[in-house]
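All letters in the sequence shown, in the order written, are residues 1 to 167 by the numbering used here.
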Amino acid sequence: MTAETARSTPTPATRATVTAFVVAAVAGVVHGVFSVYWGVGGTWLVETLGADLVELWEEQGVLLIPVGLLKIAAAVIPLLLQTPQDGWLPGLLRRIIRGISWVGSALLIVWGGVNTVTGNLVLSGLVEPDGGYDREGMIGHAWLWDPLFLVWGVALAAGLWFSRRPR
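Shown next, in the form of structure tokens:
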């Protein structure tokens, strides 16, 4: 095997890194696209947000557009970390992206995990919120949006872990 062949043959770690970052990007882009879609007036799956959020965004829905664009950027930028060429991304920028991504992955895991568990506890009847709850919104959060945050965070953390440089 030549040095060129060794560089171009993906290792299991490289494949795992790419897969993790792509899964994270897809999860984040889905979140972001729906935010933009709702921000421009789309209504498909809006009931999965819950009545309170729907009411809030009916008045200020345009704010969902920058939120969605930020989610999309946050989902796609870490893909830069999986590039195999050393030196392609300047060291300081790479460290900044990695640091922000680690914080983001932790927040996504906590937010998605806690809300997925809480939502499912409510839906199962083990937890009964004072004043009741919006069933469609709770299902949307427990089974779709919050698990998607969790997947985004776990996949991002995995990609960051797999792409770390040996010391």
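A virtual CB, placed ideally from N, CA and C, is assigned to each residue, including glycine.
Next on the checklist: My output table needs one value for T43: the three-state DSSP class, helix, strand or coil.
Outcome noted: Stepping through the sequence shown from its first residue, residue 43 is reached at position 43. Here T43 sits in coil by DSSP.
Next on the checklist: Helix, strand or coil, according to DSSP, for Y37 in the structure here?
Outcome noted: Residue 37 sits at position 37 when you count from the first residue of the sequence shown. Three-state DSSP puts Y37 in a helix.
Item to check | Alpha-carbon spacing of L79 relative to A20, whole angstroms | outcome: In the sequence shown, counting from the first residue as 1, residue 79 sits at position 79. In the sequence shown, counting from the first residue as 1, residue 20 sits at position 20. One C-alpha to the other measures close to 10 Å.
Item to check | Unbroken stretches of the beta strand (DSSP E), 3 residues or longer, contained in the segment 94-158 | outcome: none
Checklist entry - Near G61, what residues of its chain come up, given a Cβ to Cβ distance below 6 Å and the 5 sequence neighbours on each side ignored? => result Position 61 of the sequence shown holds residue 61. Here the set comprises G39.
Checklist entry - Which of helix, strand or coil does DSSP assign to G50? => result As a working mapping, residue 50 is identified with position 50 in the sequence shown. Residue state for G50 is assigned as coil, using DSSP reduced to three classes.
Checklist entry - So what does DSSP say about S90, is it helix, strand or coil? => result The count along the sequence shown starts at 1 and reaches residue 90 at position 90. Sequence check: residue 90 is Pro here, not Ser. Coil.
Checklist entry - Alpha carbon to alpha carbon, how far is N120 from E59? => result Taking the sequence shown and counting its residues from 1, one reaches residue 120 at position 120. Taking the sequence shown and counting its residues from 1, one reaches residue 59 at position 59. The straight-line gap from Cα to Cα measures roughly 29 Å.
Next on the checklist: Between the alpha carbons of L123 and L92, how many angstroms are there, rounded?
Outcome noted: Taking the first residue of the sequence shown as position 1, residue 123 is located at position 123. Taking the first residue of the sequence shown as position 1, residue 92 is located at position 92. Going from the Cα of L123 to the Cα of L92 covers about 46 Å.
Checklist entry - Taking G132 as the reference, which of W44, D146, T17 and A51 has the closest Cα? => result Here residue 132 refers to the residue found at position 132 of the sequence shown. The shortest C-alpha separation from G132 is found at A51.
Item to check | Which of helix, strand or coil DSSP assigns to R164 | outcome: Counting from one through the sequence shown, the residue named residue 164 turns up at place 164. Three-state result, R164: coil.
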